[in-house]
Every structure is written in C-alpha cells, then in structure tokens.
C-alpha cells in the first residue's frame with residue numbers, strides 16, 4: 001500500500017515538472033477566440049449564436065428601440081393582448097430596420113415582455 005501511495009506521489013511530481021518545462025520551453029501562446037460576428041447575423045432563430053447573443057445581452061443594459069411604453073405589458077401572457085395593444089407592438093416592429101428585428105425581440109425577452117401572438121408571424125417574416 002505504501003509503494004502505491006509513493007508511486008502516485010512521484011508520478012504527480014514528474015507530471016508537474018514535465019508540464020512546467022513544456023510550458024516554459026514553448027512560451028505562452030495566445031488563445032485563439034472564434035469570431036462570433038454581429039448578433040443580428042444569426043442565420044437560424046434556433047441557432048447557437050442566438051443563445052449566445054441572448055446571454056451576452058443579459059449582462060449589458062437593456063437596449064430600447066423607442067418603445068419604453070411597452071414596459072407596461074411586462075409579465076402579460078402573449079395571448080392576453082387586445083387588438084389596440086397588439087397594434088402598439090406592430091407599430092414599433094414596422095419602424096425597425098431589418099437588422100434590428102431580432103435585437104428588439106431579445107430586448108423584449110430581457111425586459112420580461114411577451115410578444116403578442118398577433119404579430120409573431122410578421123416578426124418571423126422580418127427576422128428571416
């Protein structure tokens with residue numbers, strides 16, 4: 001049992017020394033980071049970059065698209081909007097540039113606002 005324990009300790013030291021020597025022999029190499037591009041360029045709404053962008057956006061202040069009045073609908077179910085309320089969302093959606101559509105949806109999500117069912121098909125068309 002003692003030989004096994006000593007063997008493991010010696011193996012640990014040998015491994016540590018080899019790692020130390022290898023690190024200093026080759027120097028520190030820069031870590032390559034993949035370019036993710038602009039979050040508005042995700043080609044598929046279910047793509048991994050959409051999730052990455054949402055997580056990245058969650059660490060930054062919420063971006064508003066001249067739609068502060070929509071904060072009144074925080075927490076409301078997507079099927080509970082009246083026609084007039086849905087028109088408020090549609091008005092904002094129609095004023096957005098194509099590259100802002102997905103960012104607006106992320107903004108709504110981060111603010112706890114569910115998009116009305118009545119404009120989801122229009123959103124999908126504009127987001128593609």
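In full-length UniProt numbering, the protein residues as written are 1 to 128.
Glycine is no exception: its CB is placed at the ideal position from the N, C-alpha and C atoms.
When Cβ pairs closer than 8 Å are counted between the two stretches, the segment 110-128 is seen to touch the segment 71-89, the count reaching three or more.
Taking 8 Å as the cut-off, the Cβ atoms of residue 103 and residue 63 count as close. Separation of residue 82 and residue 52 (C-alpha to C-alpha, rounded to the nearest whole angstrom) is 33 Å.
When DSSP states are grouped into helix, strand and coil, residue 79 belongs to the coil group.
Separation of the CB atoms of residue 126 and residue 93 is rounded to 7 Å, and the pair is thereby assigned contact status at 8 Å.
In this chain, the alpha helix (DSSP H) harbouring residue 109 covers 101-110. The Cβ-Cβ distance between residue 65 and residue 107 falls below 8 Å. Pairing residue 105 with residue 12, the inter-Cα distance amounts to about 52 Å. By the Cβ neighbour-count rule, residue 67 is buried, with 16 or more other Cβ atoms within 10 Å of its own.
In the displayed model, residue 64 falls within coil according to three-state DSSP, outside both helix and strand.
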